[in-house]
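All remarks here apply to the structure that follows.
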Amino acid sequence: MTNTFATNPERVRRTQDSFSISDLAREFDITTRSIRFYEDRGLLAPERRGQTRVYYQKDRVRLKLILRGKRLGFTLAETKTLFDMYERDGSSANQLQTMLQLIEDKKAALNQQLDDIKVVLHELNAVEAGCRAELEEKLT
Numbered sequence: 243m244t245n246t247f248a249t250n251p252e253r254v255r256r257t258q259d260s261f262s263i264s265d266l267a268r269e270f271d272i273t274t275r276s277i278r279f280y281e282d283r284g285l286l287a288p289e290r291r292g293q294t295r296v297y298y299q300k301d302r303v304r305l306k307l308i309l310r311g312k313r314l315g316f317t318l319a320e321t322k323t324l325f326d327m328y329e330r331d332g333s334s335a336n337q338l339q340t341m342l343q344l345i346e347d348k349k350a351a352l353n354q355q356l357d358d359i360k361v362v363l364h365e366l367n368a369v370e371a372g373c374r375a376e377l378e379e380k381l382t
């Protein structure tokens with residue numbers, strides 16, 4: 243029989259009011275040093291209570307977006323630009339246009355890298371074939 247009183251940890255996090263730096267580090271499997279680095283770069287701005295940092299849902303969401311942006315290849319500066327735009331005008335139209343431009347730029351860069359990789363693979367295959375042929379010649 244299932245316990246109807248069991249709590250979903252994700253649901254608890256969404257309803258939790260505040261988080262410590264170690265709570266967020268554990269949740270996102272990153273170091274507290276990384277979180278402090280994002281704070282130093284102006285991407286996070288926790289409340290301070292003496293020496294203690296107190297993070298709220300907004301900070302948690304921002305951290306999630308920072309990490310997603312990193313996975314997609316966005317620089318921290320690009321992520322900060324998007325955050326600043328959102329904070330400045332609250333309208334998402336400019337932010338979406340900027341995001342679309344960033345996506346287009348990232349896709350173009352990745353396609354260029356893919357083309358470069360294909361060229362290098364072709365060259366490596368040609369060198370490999372030459373080496374194999376020369377080795378075969380020397381062994382016979």
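Residue numbers are given in our numbering: position 9 of the sequence shown equals residue 251, and the series is strictly consecutive.
Quick reminder that beta carbons are idealized off the backbone N, C-alpha and C, glycines included.
Within the same chain, show all residues whose beta-carbon is closer than 7 angstroms to that of residue i, passing over the 5 residues directly before and after it, in chain order.
i	result
Met341	Leu324
Val303	none
Phe247	Its pLDDT being 38, under 50, Phe247 is placed unreliably in this model, and the value from its coordinates should be taken loosely. Same-chain partners within the cutoff: there are none.
Leu377	none
Residues in its own chain within less than 8 angstroms of residue i by CB, not counting five upstream and five downstream?
i	result
Glu320	Gly311 and Leu344
Asp301	Phe261, Leu266, Leu286, Ala287 and Pro288
Would you tell me roughly how many angstroms separate the C-alpha atoms of residue i and residue j, rounded to the nearest one?
i	j	result
Lys329	Gly292	Note on identity: in this sequence residue 329 is Glu, with Lys being the wrong assignment. Whole-angstrom Cα-Cα distance: 26 angstroms.
Glu346	Lys380	51 angstroms
Thr273	Arg290	19 angstroms
Arg275	Ala368	46 angstroms
Gln355	Met327	29 angstroms
Asp331	His364	49 angstroms
Leu305	Leu352	25 angstroms
Asp358	Asp271	33 angstroms
Glu370	Thr382	18 angstroms
Check the C-beta distance from residue i over to residue j and give it rounded, since I have them as a contact under 8 angstroms.
i	j	result
Ile277	Ala267	6 angstroms
Determine the contact status of residue i and residue j, defining contact as a CB-CB distance below 8 angstroms.
i	j	result
Arg374	Leu318	no
Tyr280	Ile308	yes
Tyr297	Asp259	no
Lys349	Leu314	no
Leu285	Lys322	yes
Leaving aside the five residues before and after residue i along the sequence, list all residues of the same chain whose C-beta is less than 6 angstroms from its C-beta, in chain order.
i	result
Arg295	Ile263 and Pro288
Asn336	Met327
Taking the DSSP output, what are the residues bridged to residue i?
i	result
Ser210	The shown model of the chain, from 243 to 382, leaves out residue 210, and the question about it has no answer.
Glu289	Val296
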